[in-house]
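J.:
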Amino acid sequence: MVLGQKLLGINIPGNAFEVILHIGTLMSILVVFWPDIHSLLNDIKDYQTRTYIFTLLLGTMPAIIVGLSLKDQIALMFDNVHFVALALIVTGIILISSKWFLNKKSDLTLVKGFNIGLSQALAIIPGISRSGATICTGLMMGLSAEEAARFSFLLAIPAIAGAGILTAMDIDKISLGMDVRA
Numbered sequence: 000m001v002l003g004q005k006l007l008g009i010n011i012p013g014n015a016f017e018v019i020l021h022i023g024t025l026m027s028i029l030v031v032f033w034p035d036i037h038s039l040l041n042d043i044k045d046y047q048t049r050t051y052i053f054t055l056l057l058g059t060m061p062a063i064i065v066g067l068s069l070k071d072q073i074a075l076m077f078d079n080v081h082f083v084a085l086a087l088i089v090t091g092i093i094l095i096s097s098k099w100f101l102n103k104k105s106d107l108t109l110v111k112g113f114n115i116g117l118s119q120a121l122a123i124i125p126g127i128s129r130s131g132a133t134i135c136t137g138l139m140m141g142l143s144a145e146e147a148a149r150f151s152f153l154l155a156i157p158a159i160a161g162a163g164i165l166t167a168m169d170i171d172k173i174s175l176g177m178d179v180r181a
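Numbering (numbering that gives the first Met the number 0), first residue to last: 0 to 181.
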């Protein structure tokens, strides 16, 4: 996102560009994974469904804690193109290393969901691919590629929505000159 803005010469004031990308990404995930979301909501009485939803909620917690507690420090990282470039190299290493874990098959558990959530929290760092980190962690934890991707993108929904809301609130704060989060 940071490098794309610089390379394409996009100069949208404030964090509006980030909010636009969050909305687009969130809408894409909702459209593609609507059957999964619909199934989770319709089968809420089923024990396995409730456990899956709880695992998603548990996996969301690390990103919430990191995102809220380190928000200002993370914002500074977005301004450092060299840091972002280094983080992209780390993303590449993560992606390349995942090829050794493609043949394992095990079920999603609370611990695996939480560990995938930890990688999502790490991916708050600009340049670390959220989907790359979470899918690769899922593969490393023994999930099938399909389940790792499914869990990753469902896990993204609250994270991306939350990040978009926080960023939009910052835009309002900047444009209004006051704190709207009272």
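We put the beta carbon where it would ideally sit given N, CA and C, even for glycine. Note that this is a predicted model, so its numbers are computed, not measured.
For residue 166 and residue 157, I'd like the C-alpha separation in whole angstroms.
T.: One C-alpha to the other measures close to 14 angstroms.
J.: Report, in whole angstroms, the separation of the C-beta atoms of residue 116 and residue 57, which I expect to be a contact under 8 angstroms.
T.: So it is a contact: roughly 7 angstroms between Cβ atoms.
J.: Quick one: residues in its chain with C-beta nearer than 7 angstroms to the C-beta of residue 143, no 5 flanking neighbours on either side, listed in chain order?
T.: Result list for residue 143: 104, in chain order.
J.: Along the chain, where does the alpha helix (DSSP H) containing residue 142 start, and where does it finish?
T.: Taken as a continuous stretch (DSSP letters only), residue 142 belongs to no alpha helix (DSSP H), as it is neither H nor E.
J.: Between residue 110 and the rest of its own chain, which residues show a CB-CB distance below 7 angstroms, the 5 nearest in sequence each way excluded?
T.: Closer than 7 angstroms at Cβ, skipping near neighbours: no residue.
J.: In whole angstroms, what separates the C-alpha of residue 68 from that of residue 96?
T.: Between residue 68 and residue 96, the C-alpha separation is close to 30 angstroms.
J.: Note the first and the last residue of the continuous alpha helix (DSSP H) segment covering residue 126.
T.: Element bounds for residue 126: n/a, residue is neither H nor E.
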